[in-house]
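Novice: Below is one structure. I have some questions about it.
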Amino acid sequence: MKSNTLKFRDLDNIVDIYALNLRDNENVFGLQAKESNRLISKTLRIQEKLRLLQEKIENLNSFQKQTDLILHQVKCNLCCIEDMIGNAEAQCPKMECCKRMKNALTDLYRQDTYKLVENTEVTITNLQQGLDQISSQIQQNSVASPGIEKIAEILQVHLQNLEEIEQNTEQVKAKLNEVEYWKNFCLHLYKLKEIKPWE
């Protein structure tokens, strides 16, 4: 018949087993603590990246609004210049210089400048779509998800679009300087006509 009495040897075995379990649990808890710290550090890094991305998105939106205003002003200036040129051409139809001016502005400056403006508008439209994609990625992905790399790729593409917009803007400025020359030429013709009207 088996005895229910615990002996010191049995107690020693129980204590040894309990101590082993405690050491195992300590090791497990230590590994879990290290993993938790690693995840916390990674989460903080990703949160910082998201914060920087959101700042860049705000800067891009601000730049886009400014570019829209510039393009609107460019269009208004071009329309005004075209009206002035049209009036000058109508009042000076017999002057050879006006014919050359008409051909140059109609066939070159207007066409090239409008093309640059249209290209820039297309780029801005693409940029807006990219910003929408980035915002969607930020809203749909948690801070611990790997979607941050995808967001960074999208942002890089549209930073390149910004460089293209800047190049187009410089070309538009150059064309506007050319058109400004002809506008001043038209004003000069108006002054000459006031002094001595042409027959």
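Sequential numbering of the sequence shown, starting at 33, is according to the working numbering.
Using N, Cα and C, we set each Cβ at its ideal position, and we do this for glycine too.
Bear in mind the structure is a predicted one, so any value in this text is a computation, not a measurement.
If you draw a straight line from the C-alpha of Val175 to the C-alpha of Gln192, how long is it?
Specialist: Low local confidence applies: a pLDDT of 49 at Val175 is under 50, so the model's placement there is unreliable, and no value is given.
Novice: Near Cys108, what residues of its chain come up, given a Cβ to Cβ distance below 7 Å and the 5 sequence neighbours on each side ignored?
Specialist: none
Novice: Compare the C-alpha of Ile102 against each of Asn59, Phe217, Asp48, Ile197 and name the closest.
Specialist: The shortest C-alpha separation from Ile102 is found at Ile197.
Novice: In chain order, what residues of the same chain have a beta carbon less than 7 Å from the beta carbon of Asn45, not counting five sequence neighbours either side?
Specialist: Cβ-Cβ distances below 7 Å link Asn45 to nothing in the same chain once the five nearest sequence neighbours on each side are left out.
Novice: Could you check how far apart the C-beta atoms of Asn200 and Asn158 are, in whole angstroms? I think they sit under 8 Å.
Specialist: That belief does not hold up - the Cβ atoms of Asn200 and Asn158 are roughly 13 Å apart, past 8 Å.
Novice: Using only the alpha-carbon positions, how far apart do Asn209 and Leu110 sit?
Specialist: 11 Å
Novice: Can you have a look at Leu92 and say buried or exposed, based on whether 16 or more other CB atoms are within 10 angstroms of its CB?
Specialist: buried
Novice: Do you know offhand how far Asp56's Cα is from Ile78's?
Specialist: 33 Å
Novice: Give me the Cα-Cα distance between Asn216 and Thr99, rounded to the nearest whole angstrom.
Specialist: 26 Å
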